[in-house]
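Numbering follows the numbering used here, in which position 105 of the sequence shown is assigned residue number 156; successive positions increment by one, without gaps.
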Amino acid sequence: MLSCAGCHSLAGVKLNGPDLSHVSLWPVGQLKPAIKRMEQRVGPLPDGDVDALADLLRAPNVRERLKAEEARIQAMFMAKLEPANAAIGKKLFFGKTELQNGGLACSACHAAAGEGGNLGPDLTSAFSRIGETPLISGIEKAGYKIMEPHYRWRPVTKQEAVHLTKYLSTLDPKMAPAGRPAFAHVGAGGAMAAMIGLVLYLRNGRKGRETKLQRRRK
Ligand code: HEC
Ligand code: HEC
């Protein structure tokens, strides 16, 4: 299931492929050919593997089993990374250190511990609400609709996601702004986020376009 998880989730997140929660209800006769078709993407899937994957996806406890598997894989990845460091995570969050691939600092859109923007939800209680493993992969994959376009070409590395998550884990969830869901204006936030993306795009693209214009003038 490792190679499948790169494109499919069971937690309602759309990656490159559709979320697979709904296929547990599919008849086996429909599910197996759908899995077999994935050979185009993951390489040969012998019948035994297809059967095992179909059984897994139809099992009532598939989420628990995958969570255990994910935790195991996460632990394996973690072993290769620098230990999580909250101070580094805080610098990344507030843009004191640039993200390796040039993405916007999180604080452009999110506040934590009372500081930062408000286009995205306040993240002071994110760690306690979301949990460590899903938070790391959510940040790394930018598995959130409005964030995704911004980070698609400037992905946050797993190492950075680990530091950022560590930073968020040090915040006191009780300090999160009280009252209605911190983030009530998805529409406006989305428009603003899209605008920030556009501004960055224009800034990066201007050079190229100017030369094109100059060429046209000649
Ligand atoms: C490189 C990305 C990628 C990988 C890896 C991948 N898939 Fe997919 N999968 C897709 C995409 C895109 C679709 C939707 C289009 C299609 O059906 O081809 C899909 C569709 C499916 C569907 C049908 C779901 C539906 O709602 O139509 C199933 C079932 C599925 N994949 C299972 C798997 C399994 C099991 C694995 C691992 C062996 C896997 N996939 C690996 C990208 C991927
Ligand atoms: C361009 C604006 C923008 C930037 C930059 C941004 N985010 Fe987001 N983020 C959002 C928005 C908007 C949402 C709300 C959900 C969505 O995207 O649809 C969100 C959702 C989230 C969530 C889920 C919150 C919840 O309460 O469920 C987390 C966690 C998160 N972002 C972490 C980060 C981190 C860490 C960074 C820095 C690497 C970051 N974001 C950078 C806009 C942004």
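Ideal Cβ placement from N, Cα and C applies to all residues, glycine included. Fair warning: this is a prediction, and the values are worked out from it, not measured in the lab.
Residue i to residue j span [Cα, whole Å]
i                 : j                 : result
glutamine 125     : glutamine 81      : 31 Å
aspartate 270     : lysine 217        : Coverage of the chain is limited to positions 52 through 269, which leaves residue 270 absent and any answer about it impossible.
serine 72         : glutamate 183     : 21 Å
methionine 226    : lysine 192        : 27 Å
proline 95        : leucine 61        : 23 Å
threonine 175     : leucine 222       : 6 Å
glycine 230       : aspartate 173     : Caution applies to glycine 230, whose pLDDT of 49 falls short of 50 and renders its modelled position unreliable; the model cannot decide the point.
alanine 270       : lysine 147        : Any answer about residue 270 is impossible in this case: the structure gives the chain only from 52 up to 269.
alanine 239       : cysteine 160      : The pLDDT assigned to alanine 239 is 42, lower than 50, so where the model puts this residue is not dependable; a value taken from the coordinates is nonetheless given after this. For alanine 239 and cysteine 160, the distance between alpha carbons rounds to 12 Å.
leucine 117       : leucine 186       : 16 Å
proline 200       : glycine 154       : 11 Å
glycine 165       : glycine 63        : 29 Å
glutamate 121     : alanine 130       : 14 Å
serine 188        : valine 79         : 30 Å
alanine 156       : arginine 123      : 30 Å
phenylalanine 128 : phenylalanine 145 : 26 Å
aspartate 98      : proline 111       : 22 Å
alanine 163       : methionine 198    : 17 Å
valine 93         : alanine 103       : 16 Å
arginine 88       : leucine 143       : 41 Å
leucine 132       : isoleucine 86     : 33 Å
valine 74         : glycine 171       : 31 Å
alanine 119       : lysine 196        : 26 Å
Residue closest to residue i, alpha-carbon to alpha-carbon, out of the options
i             : options                        : result
tyrosine 194  : Asp98, Lys65, Ala110, Leu150   : Per the sequence presented here, residue 194 reads as glycine, with tyrosine not at that position. Taking only the C-alpha atoms, the option nearest glycine 194 is Lys65.
alanine 138   : Met89, Arg109, His214          : His214
alanine 135   : Pro228, Cys58, His59, Gln210   : Gln210
leucine 108   : Ala119, Met127, Leu76, Lys196  : Leu76
glutamate 149 : Met89, Arg205, Ile86           : Arg205
aspartate 70  : Arg114, Asp98, Gly168          : Arg114
proline 228   : Ile181, Asn169, Arg203, Lys196 : Asn169
6 Å Cβ shell around residue i - same chain, five flanking residues per side excluded
i             : result
lysine 141    : Tyr218
threonine 208 : Gln151
alanine 177   : Leu219
alanine 242   : Residue confidence for alanine 242 is low, a pLDDT of 42 falling below 50, so the modelled location carries little weight; the figure read from the coordinates is stated next. Hits under 6 Å: none found.
proline 84    : none
Contact with chain B by residue i, beta-carbon distance below 8 Å
i            : result
tyrosine 195 : Judged by its chain identifiers, the structure shown contains no chain B, having just a single protein chain.
Cβ-based neighbour list, residue i, same chain, cut-off 7 Å, excluding 5 preceding and 5 following
i              : result
isoleucine 190 : Val207, Ala212, Leu215, Thr216
glycine 68     : Cys58, His59
isoleucine 181 : Gly189
glutamate 90   : Leu96
Cβ-based neighbour list, residue i, same chain, cut-off 8 Å, excluding 5 preceding and 5 following
i            : result
serine 179   : Pro224
valine 101   : Lys83, Ile86, Lys87
serine 319   : Only positions 52 to 269 of the chain appear in the structure, and residue 319 is not among them; the question remains open.
arginine 305 : Lying before the first or after the last residue shown, residue 305 is absent from the chain, which here runs from 52 to 269.
Per DSSP, the bridge partner or partners of residue i
i             : result
glutamate 166 : Ala163
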